[in-house]
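As structure tokens, the structure follows; a few thoughts come after it.
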Amino acid sequence: MRAVFEDLPVGNRQSINAFHYAEASFNTPWHFHPQHELTLIEESSGTKFIGDYVGAYAPGELVLLQGNLPHCWKNQPRTGRSRSTVIQWSPETYSRAPELDGVFQLLQAAAKGLLFDLRDVQSLRMEVHRLPTLPPAEQYLQLLSVLQQLTSCRWTSLSNSSFQQPISSGHGSRMQRIHRFVEQNFQRKVKLLEIAQEVHLSEQAFNRFFRKTMGRPFFSFLNEYRVNRASQLLIETDWPVGRIAPACGFASLPFFHRQFKRFMELTPLQYRKQHQP
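Note that the numbering used here numbers the sequence shown so that position 27 is 153, with each residue one more than the last.
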């Protein structure tokens, strides 16, 4: 997926861009911008791509991103409407002061993307949702209040790399095609030659490019994507594991179990039981 530079409407007269998103799907490509971003997922489920991270997302998630970290959310087909609240602001919006050390430490950690504990942010979701409706001065104060409260919340770091320097347009264009190829072909056997040809590279050059950009081999990334799609089916359907594995591109059931345990640290049945209401 191409990491598109997004030019946001923030400037001398407006340092915060806050809005509600409501469409049939999250159709923004893998993109980056110099502004920090706080995103609250309110409806739909699917896969999120944060830097070199790929993982499932669900309603209620709150994610904090430092500027220039490529990201996007891709919902599953036929999951209904996609809704989120997005807050974007310039790094210069808040002046560094000793009283805000915790906030700036949190923003530094957000260079790799932070997913906050669902229970810890339960009371904050309404405050985030209200932000786009507030007058500019109140937005400024409310966002600072939210960030301060987030310093007391537990979080998980997502990307292994920080992407603090924007990736080149050439690398971004290749990643766009790779992500799109994975989304469209993860259910079948994929050969290295065909994905290399998709981005006009030799197999050897493709391996070097992908490792440098994403920090791991392509097939590890592909299996991680497949496992995340399988995890969504375990929660959202009553399909047996023997049906889910081939539906997500795993021809071998034992291999599926090994890969699922590798990425989720649980067996498929343990994962399903843990996420039952």
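We put the CB at the ideal spot given by N, CA and C, even for glycine.
Going by DSSP, SER208 is part of no alpha helix (DSSP H) but of the beta strand (DSSP E) stretching over 208–215. Here the region 155–169 makes contact with the region 214–223; the two share three or more CB pairs at distances below 8 angstroms. For GLN274 against CYS374, the beta-carbon gap comes to about 41 angstroms, at or over 8 angstroms, which does not count as contact. In the DSSP assignment, VAL272 falls within the unbroken alpha helix (DSSP H) covering 262–276. Between the region 183–196 and the region 235–249, the count of Cβ pairs shorter than 8 angstroms is three or higher; the stretches touch. In the displayed model, ALA377 falls within coil according to three-state DSSP, outside both helix and strand.
Residue pairing from DSSP places TYR147 in a beta bridge opposite SER210. Taking C-alpha positions only, THR219 is separated from GLU264 by approximately 14 angstroms. LYS174 is bridged by DSSP to GLY181 and TRP199. Closest in alpha carbon position to LEU166, among VAL272, PRO394 and ASN286, is VAL272. PRO394 places its beta carbon less than 7 angstroms from that of VAL367.
By the criterion of at least three beta-carbon pairs nearer than 8 angstroms, the region 177–185 is not in contact with the region 313–328. From the listed residues PHE336, PHE344 and LEU276, the smallest Cα separation to VAL247 is found for LEU276.
According to DSSP, residue pairing for LEU257 in a beta bridge does not occur. Take TYR397, set aside five residues on each side of it, and the residues of its chain with a beta-carbon closer than 7 angstroms to its own are SER357, LEU360 and MET390, in chain order. About 5 angstroms separates the CB atoms of ALA144 and LEU257; that is less than 8 angstroms, so the two are in contact. Spatial neighbours of LYS387 in its own chain (CB-CB distance under 8 angstroms, excluding positions within 5 residues in sequence) are listed in chain order as THR393. Take PRO262, set aside five residues on each side of it, and the residues of its chain with a beta-carbon closer than 8 angstroms to its own are GLN140 and ILE142, in chain order. In its chain, beyond the 5 residues on either side, ILE370 have a beta carbon closer than 8 angstroms to the beta carbon of THR363.
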